[in-house]
Structures are given as structure tokens and as C-alpha cells.
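Novice: Residues -19 to -1, 1 to 356 (mature numbering (1 follows the signal peptide of the UniProt record, and there is no 0)) are what the sequence shown spells out, left to right.
We treat Cβ as the ideally placed atom computed from N, Cα and C, and that holds for glycine.
On a predicted model such as this, the values are computed, not experimentally measured, just so you know.
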Amino acid sequence: MKSMISVLVPLLAAASAYAHGFVADLNIAGKDYQGNKPGGQGNPSVIRQVSENSPVKGADNPDLNCGMSAKPASLNANANPGDTISFDWKAGAGDSNWPHNTGPMLTYMASCGDTTCDKFDSTQAKWFKIQQVAYDSSGKWAQAALMTGAPADITLPSNIAPGNYLIRHEVISLQNAISKGGAEFYPSCSQLTVGGNGNGKPQDSELVSFPGAYHDDDPGIYVPNVYNGKIDYQFPGPPIASFAGGSGSGSSGGSGPGSSGGSGSGSSGGSGSGSSSDSGSGSSGDSGPSSSPGDSGDSGASPSTYGGSSTATSAGSQSTPASSGSGSIPPSKCKLKKSPNSDGAGANSRRSLDVKYYPKHVSRVMRNLAFGKAH
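(1) How long is the line joining the alpha carbons of Asn178 and Pro143, rounded to whole angstroms?
(2) Ser160 bridges to which residues according to DSSP?
(3) Determine, using beta carbons only, whether Gln172 and Val152 come nearer to each other than 8 angstroms.
(4) Just to check my reading of the structure: Asn34 and Pro53 have Cβ atoms closer than 8 angstroms, yes? What is that Cβ distance to the nearest angstrom?
(5) Assuming the contact rule is C-beta atoms closer than 8 angstroms, Phe68 and Ala126 should be a hit. Round their C-beta distance to whole Å, please.
(6) Assuming contact is defined by CB atoms lying nearer than 8 angstroms, are Pro217 and Gly201 in contact in what I supplied?
(7) Consult DSSP for His1 and reduce its assignment to one of helix, strand or coil.
(8) Thinking C-beta only, is Gly162 closer than 8 angstroms to Lys12?
(9) Relative to the alpha-carbon of Asp41, which residue among Thr104, Met86, Gln15 has its alpha-carbon at the smallest distance?
(10) State buried or exposed for Ser156, treating a residue as buried only when at least 16 other CB atoms are found within 10 Å of its CB.
(11) For the putative contact between Trp108 and Tyr116, defined by C-beta atoms under 8 angstroms, what is the C-beta separation to the nearest angstrom?
(12) Please report the residue range of the beta strand (DSSP E) in which Thr65 lies.
(13) Just curious, the beta strand (DSSP E) that Lys12 is in, first and last residue?
(14) Give the DSSP-derived three-state secondary structure of Ser35 in the structure shown.
(15) If you reduce the DSSP assignment to three classes, tell me which class Lys354 lands in.
(16) Report the residue from Gly16, Lys100, Gly84, Phe101 whose alpha carbon sits nearest the alpha carbon of Ile212.
(17) May I have a chain-ordered list of the beta strand (DSSP E) segments no shorter than 3 residues that lie completely inside the region 76 to 159?
(18) With 16 other CB atoms within 10 Å as the buried threshold, where does Asp185 fall?
(19) Is Phe191 helix, strand or coil when you go by DSSP?
(20) Could you tell me the boundaries of the beta strand (DSSP E) in which Ser224 lies?
(21) What residue range is occupied by the uninterrupted beta strand (DSSP E) comprising Cys170?
(22) Can you list, in chain order, the residues of its chain with a C-beta nearer than 6 angstroms to that of Ser154? Leave out the 5 residues immediately preceding and following it.
(23) Return the CA-CA distance between residue 392 and Ser160, expressed in angstroms with no decimal places.
(24) Is the beta carbon of Ile66 less than 8 angstroms from the beta carbon of Ile9?
Encoded structure:
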């Protein structure tokens, strides 16, 4: 037993160190923006670089605003109302898919005011929510699709006012949320300059700060029944901003492929697309909603987009052989009893010419008469 523990502990420690992630890449309306590895060389990017890929722990942690020791990026990406933004979450140093599959994904934005966001202090940001999703239409946590390499897609509100914005995409992993303080937060901030001529803005009552918007005992952060199958999940934080289609309290069962928070049901306005895969063979990760705590890799859920309606794009399709015809009758099988030589090598080899073969349907007497065997 001790020898087994001595082997398992280092393996678990290594897995734990590797099983965290960050946004490695951002795509806006088809244009790709590369991020930087945590703690690595800071190349020009629109994604704010974090110091490490570890989760933020504790709702009062100052790093909850944009991630572990996140610092401003040097570039700002152009975007327009209604654009689809894809967040590519990776694990480790960016060479592996996202490792967790239990918990919601949420998206916030904050105005940087008259200055571009590369000069903006995120600790001063006032955030409003534009999207949230818990489960996909099959009842799996939408986060699980990230394990297949699928991105998390959201759509900017179609009427958002032009200006400079931080966009904060957040994955909350709940595999350890059966205990207070066990939730893992993975926020990532990117810098946008939004064009267009919209006039949509959040109300003052819809603005929150990070830290401050969450508490460790919030129902959506402390979830002791997280492994009791699909639960009536309550999203943490404010409701989705009313101009973005939200009017609820942020509480929701979280069902549906693109459902997220309107009228308290977790669905927001707008539309968008998500990626999914029902694969997951060979993926490791946290156990699904009906499993016990652990890493079982329940992948295949579709990440939701901002919007009441969304479409799912398969992360990888497989062809299924088509049938030759509807209602066709399969070929019948011979039901005669096989002789000892009818199977295996004997069925494929010629019988020896020195051995006489007597048909079984002829009686023993007749066989002997026909083939001249003495009585």
C-alpha cells in the first residue's frame, strides 16, 4: 500500500500541475490573434498575459479580475457588434487541450473609457455580463467541449455602443466545489475597440467589480451537489445586462446549447455558434455531472454562445457506413451442424486423397455397400 501511494502521489502532483490552462488564441470574425504562454516571452498581443496557468482560488482574490498577475497587452483588436469571438483554451504550456469538464463559462465586458485598453487598469474596471452557459442540450457541462479542442464561442451584443472594451471570458471549474473555497476560476481578458453605431450600454445596477462580484458561499461557486447529475445550477454574479438581452437574476438550470440567463432562465439574447464533439476517448479530465469526483474525461458538450439560439459545429466528424437499402433482409446463415473439420484451418485445407469421404446422409450399411467396405 505504501509503495502504491509513493507512486501515485508524484503522478497526481504532476497531473495537478499540468491540469490548468489559459486562453492561447483569440479569433474575432475570422481574424486570429495569438496569445502568449503564461510567464513566457511577451510578444505583441491583444490577450493579457498571465504569469502562470494555475487557477485563481478564492472569490476575494485580486487576480480574479483578469487572471494570475495579468498585465496589459500591447495591442487592441478591432471588433463590431454581432461579431463572433472564439476563445481557444489550452492546458499546460498550450500544447494540450483543456483538462476540466465540470462548471460554467461566463463572459463580461468593461469600458476602458476614452483611453485604449492597453493603457487601462483592469482593477478599476466596472464589468457587465453578456453571456453565461452551464449545460449543453445533451445535459453535459458545456465546458467539457473544450477538452476536445473546440473553442468557446460568444457573440458580441448586436447593439453595443462603440468604444474601447475589455472582454473577460471566464471558465469556472467546479470539480472541487463540494467544499467552500474549492472552486477554480480561470479568467482571461482581451482588449477590443468596438466600432459600429449602436447605443447599447449597461445600467449602473448591472455593473460589478472583480473581486467583489462573487462570494465563496454563492450557490454557483459552492456546489456540494455538483456530482448529483444535472442540477438546477445558479450562475454567480449579476444578471446579463438588459441591453444584451438579459432581464433575469442570473439563476438558471443552465440547460440548452446556447442558453444563458434571460428572464432568470439563463438565456440571453442574440445568436451565435458553438463547437462540440462527442468524442472524448483519450481525453482526461474531471468527472461529469453524474460521476464522483475525479478525472474521467466526460467530453463532448457544446460550448454555448451569447444568445438564445445557437448552432453547434462538430469538432470532428466521422462517417457512418450507409445501409444498402431500407428494410433489407440480412443474408441467412446455414444452421447445419458443423463437422469437426468445418472450422479453422481444416475448412481451408484440402482433404487428404488417402481418406475416403462418406456423405453423412447415407446410412452406414449403404455407405459400406457403396464403397465396398467389408461387413
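Specialist: Taking the geometry as given:
(1) In this structure, the CA atom of Asn178 is about 6 angstroms from the CA atom of Pro143.
(2) According to DSSP, which records beta bridges pairwise, Ser160 is partnered with nothing at all.
(3) Val152 sits away from Gln172, with the two beta carbons spaced by 8 angstroms or more.
(4) Going by Cβ atoms, the distance from Asn34 to Pro53 rounds to 19 angstroms, so no, they are not a contact pair.
(5) Actually they do not touch by this definition, with Cβ atoms about 12 angstroms apart.
(6) yes
(7) It is coil, neither helix nor strand.
(8) no
(9) Thr104
(10) It should be pointed out that residue 156 corresponds to Gln in this sequence rather than to Ser. By the neighbour-count rule (16 or more Cβ atoms within 10 Å), Gln156 is buried.
(11) Trp108 to Tyr116, Cβ: 24 angstroms. No contact.
(12) 65 to 72
(13) 12 to 15
(14) Of the three classes helix, strand and coil, the one that applies to Ser35 here is coil, per DSSP.
(15) With a pLDDT of only 47 at Lys354, under the threshold of 50, the placement of this residue in the model should not be trusted; the figure read from the coordinates follows. In this structure, Lys354 counts as coil in the three-state DSSP scheme.
(16) Gly84
(17) Qualifying beta strand (DSSP E) stretches, in chain order: 86 to 92, 108 to 114, 133 to 136, 144 to 154.
(18) exposed
(19) coil
(20) Residue 224 is actually Phe in this sequence, not Ser. Element bounds for Phe224: n/a, residue is neither H nor E.
(21) 165 to 175
(22) Only residues of its own chain outside the window of five on either side were considered, and among them His81, Gly84, Glu165 have a CB closer than 6 angstroms to the CB of Ser154, listed in chain order.
(23) The shown model of the chain, from -19 to 356, leaves out residue 392, and the question about it has no answer.
(24) yes
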